[in-house]
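Numbering (this note's numbering), first residue to last: 228 to 359.
Virtual Cβ for every residue (Gly too), placed ideally from N, Cα, C.
Remember, it's a predicted structure, so these values are computed and weren't measured experimentally.
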Amino acid sequence: MLHIDDNAPVRGLMADTVVSLTESHRVWEARDIFERCGLHHLPVIDERRALVGIVSHTDLYRAGVDQTFPEDGPPADRARLKLPISKIMRRDPVTVRPDDPVELALSILAEGSFHSLPVLDEEGRLVGMLTT
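Written out as structure tokens, the structure is:
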């Protein structure tokens, strides 16, 4: 069993190579990244790498997007796939800083209804992700 020091900083557990989207990316692009990379959450950033939201498999499902939608499917399905990610992402996700203690991040994950935490630097730029 892995023992994690509760006082260790988040930076020691976060993934610092993060696949992200911008608000102008389309729903089909998020779906393809989820499928290709085996990811479940994608942070959405602006041109400064500032976090503006997050999108998950669940958000796609709530938007009526099935992972099996073909690009040449019914018009309503194609229209949903072409929506900008900004239409379905969740804004203002809960975040942590690289120097926050792991204990804080674990308590946030345990109490929340989500399975990932974007990690932001002092300027609010995305520097990593912590996932369950």
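- Task: Look up ALA235 in the DSSP assignment and say whether it is helix, strand or coil.
- Result: coil
- Query: What are the boundary residues of the beta strand (DSSP E) that VAL354 is part of?
  - Reply: 353–358
- Message: Judging by CA-CA distance, which residue of ASP259, LEU331, VAL292, ASP304 is the nearest neighbour of ILE315?
- Response: VAL292
- Message: Quick check on ARG258: buried or exposed, where buried means 16 or more other Cβ atoms within 10 Å of its Cβ?
- Response: buried
- Do you know whose CA, among VAL321, ALA290, ARG307, lies nearest PHE341's CA? VAL321
- Item | Cutoff 6 angstroms; reference ARG276; Cβ partners in own chain excluding five residues on either side | ARG352, LEU353
- Run the CB neighbour count on HIS268, radius 10 Å, all protein chains shown included, and call it buried at 16 or more, exposed below. buried
- Message: Tell me which residues share the same chain as PRO236 and place their Cβ nearer than 8 angstroms to its Cβ, disregarding the 5 neighbours each side in the sequence.
- Response: PRO325, ASP326, ASP327, PRO328, VAL329
- CB contact check: VAL245 to chain B, cutoff 8 angstroms: In summary, chain B is missing from the structure at hand, where a single protein chain is found.
- Query: Which residue from VAL279, GLY355, HIS284, SER283 puts its Cα closest to that of THR249?
  - Reply: VAL279
- Query: Identify the residues that DSSP records as bridge partners of PRO311: which are they?
  - Reply: ARG253
- Task: Could you say which of SER251, GLU274, ILE335, VAL246 lies nearest to PHE261 if we only look at CA atoms?
- Result: VAL246
- Query: By Cβ distance below 8 angstroms, which residues in the same chain neighbour ASP232 in space, the five residues on each side in sequence not counted?
  - Reply: VAL329
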